[in-house]
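Colleague: Here the sequence shown is numbered in UniProt numbering, starting from 1 and rising by one per residue. Quick reminder that beta carbons are idealized off the backbone N, C-alpha and C, glycines included.
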Amino acid sequence: MSKQHSTDSSMTPIKVSIESIDIKGQYIQLAAPIHLSGRLNVSELLTQYSVDRQQDLTQPMLQIGIDEAGRGPLLGSVNVAAAILPAAWSGLIEEQPLTGTPLSILTDSKQLSEKKRDILYPLVKQYAIGYVIADIPAAVIDQVNILQATMLGMRLCTETLIEVVAQQFAMACEMTADAVKPLQVEVLFDGNRCPELDFAKLAKCGVEQANIDCQAWVKGDARHTSIAAGSILAKVSRDEAMYALDTQHPEYGIAKHKGYPTRAHMEAIDTYGVLSEHRRSFAPVRKALES
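1. Would you kindly work out how many angstroms separate the C-alpha atoms of Met171 and Ser104, rounded to a whole number?
2. Does Ala88 pass the burial test, meaning 16 or more other C-beta atoms within 10 Å, or should it be called exposed?
3. Exposed or buried, Lys258, counting other C-beta atoms within 10 Å across all chains shown (16 or more means buried)?
4. Within the same chain, show all residues whose beta-carbon is closer than 6 Å to that of Glu163, passing over the 5 residues directly before and after it, in chain order.
5. What distance in whole Å lies between the Cβ atoms of Asp221 and Glu186, which are believed to be in contact at a cut-off of 8 Å?
6. Less than 8 Å between the beta carbons of Gly153 and Val80, yes or no?
7. Spatial neighbours of Glu44 within its chain, please: C-beta separation below 8 Å, excluding the five flanking residues on both sides.
8. Tell me which residues share the same chain as Ala283 and place their Cβ nearer than 6 Å to its Cβ, disregarding the 5 neighbours each side in the sequence.
9. Looking at C-alpha atoms only, which residue of Glu196, Glu290, Lys15 is the closest neighbour of Gln209?
10. Roughly how many whole angstroms lie between the Cα atoms of Val16 and Thr247?
11. Checking 8 Å against the spacing of the C-beta atoms, do Leu30 and Gln167 come in under that value?
12. How many Å lie between Leu106 and Ile141 at the Cα?
13. Between the C-alpha atoms of Ser90 and Phe169, what's the straight-line distance to the nearest angstrom?
14. Tell whether a beta-carbon distance below 8 Å holds between Asp190 and Asp67.
15. Measuring straight from C-alpha to C-alpha, what distance separates Ser291 and Leu156?
16. Ordered along the chain, which non-local residues of its own chain (more than five positions away) have a Cβ less than 7 Å from that of Met61?
17. What number of angstroms, rounded off, separates the C-alpha of Lys219 from the C-alpha of Met242?
18. Kindly identify the DSSP beta-bridge partner or partners of Pro13.
19. Kindly indicate which three-state DSSP category Cys205 falls into: helix, strand or coil?
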């Protein structure tokens, strides 16, 4: 893979805005849109996950790793990211599948310096077969609570990537007059729970629930390369949003605390008030509004 990826016609951009959604049987209008962005390297996908159709009717397992960043801050979005690494690079970090690759230093983003995360961020984007980053704004966090907002982001990242991958496989099979083989997906979530996917919607794309293996991994970003890749995308994309917000409101010192409830942040809220990007459902912000 090389720098030509930026202009490679095999790169399919992913850009989605969600304004309303079904959550646990309730169709709700979101307080603000959830934006998802990413891309899929179609040629690499088809090369690495194709099989000899004469020998095997099943699809090799496709691994998606998902992590989040920003559950604790009082300010801004919670970011969720999903990544599909090259097949040979996907696995347990302790088995060192990334040795000798451009992502050799990849591990849990919290264990890496900001400098190393910033180095890895464009490399993960460049070498991942596919990725999606979801930005769930403060207004949605206030609407459904931080846990549900995070689960919603994980669900949307998963469904979006699976749908795009399934679509590309179907198109490839159509062009070659081959039968569409069942897509086998392993989805690894960092944490102790998996989101509830819309399996009916995924079935319409040709991916049945029986072919989707969802797993929750506590501290998974330090265990699996794909989750670690997702953690880099989530963390750095959120940090970039915080730096952008800092330029708009320099008096809050956002570049330093990144929205977390530090003493400096609380003093800034007391002095300058609550921003529209603050999470009003979080106790310190709620108290500031009431005082």
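Modeller: Working from what's here:
1. For the purposes of this step, residue 171 is taken as residue 171 along the sequence shown, with counting starting at 1. For the purposes of this step, residue 104 is taken as residue 104 along the sequence shown, with counting starting at 1. Rounded to the nearest angstrom, the two C-alpha atoms are 34 Å apart.
2. Here residue 88 refers to the residue found at position 88 when the sequence shown is read from its first residue. It counts as exposed.
3. Stepping through the sequence shown from its first residue, residue 258 is reached at position 258. That one is buried.
4. Here the question's residue 163 lines up with position 163 in the sequence shown. Only Cys205 meet the Cβ criterion.
5. Translated into positions along the sequence shown, residue 186 becomes position 186. Translated into positions along the sequence shown, residue 221 becomes position 221. About 16 Å separates the Cβ atoms of Glu186 and Asp221, ruling out a contact at the 8 Å cut-off.
6. Mapped onto the sequence shown, residue 153 falls at position 153. Mapped onto the sequence shown, residue 80 falls at position 80. Yes, these two residues count as a Cβ contact at 8 Å.
7. Here the question's residue 44 lines up with position 44 in the sequence shown. Within the same chain, Glu44 has close Cβ partners Met1, Ser10, Pro86, Ile129.
8. The sequence position of residue 283 within the sequence shown is 283, counting from 1. Hits under 6 Å: none found.
9. Indexing the sequence shown from 1 puts residue 209 at position 209. Measuring from the Cα of Gln209, the nearest candidate turns out to be Glu196.
10. What you label residue 16 is simply residue 16 of the sequence shown in a count that begins at 1. What you label residue 247 is simply residue 247 of the sequence shown in a count that begins at 1. Straight-line Cα distance between these residues: approximately 26 Å.
11. Working through the sequence shown from its first residue, we reach residue 30 at position 30. Working through the sequence shown from its first residue, we reach residue 167 at position 167. With contacts defined by Cβ atoms closer than 8 Å, Leu30 and Gln167 do not form a contacting pair.
12. Residue numbering aside, residue 106 sits at position 106 when the sequence shown is read from its first letter. Residue numbering aside, residue 141 sits at position 141 when the sequence shown is read from its first letter. A straight-line Cα-Cα distance of about 29 Å links Leu106 and Ile141.
13. Here residue 90 refers to the residue found at position 90 when the sequence shown is read from its first residue. Here residue 169 refers to the residue found at position 169 when the sequence shown is read from its first residue. Rounded to the nearest angstrom, the gap between the Cα atoms of Ser90 and Phe169 is 20 Å.
14. Translated into the one-based positions of the sequence shown, residue 190 becomes position 190. Translated into the one-based positions of the sequence shown, residue 67 becomes position 67. Yes, these two residues count as a Cβ contact at 8 Å.
15. Residue 291 sits at position 291 when you count from the first residue of the sequence shown. Residue 156 sits at position 156 when you count from the first residue of the sequence shown. Near 37 Å, if we compare the C-alpha coordinates of Leu156 and Ser291.
16. As a working note, residue 61 is residue 61 in the sequence shown. The answer, listed in chain order, is Gln184, Glu186.
17. The residue given as residue 219 occupies position 219 in the sequence shown. The residue given as residue 242 occupies position 242 in the sequence shown. About 24 Å.
18. The sequence position of residue 13 within the sequence shown is 13, counting from 1. DSSP output for Pro13 lists Arg39 as bridge partner(s).
19. Against the sequence shown, residue 205 aligns to sequence position 205. Of the three classes helix, strand and coil, the one that applies to Cys205 here is coil, per DSSP.
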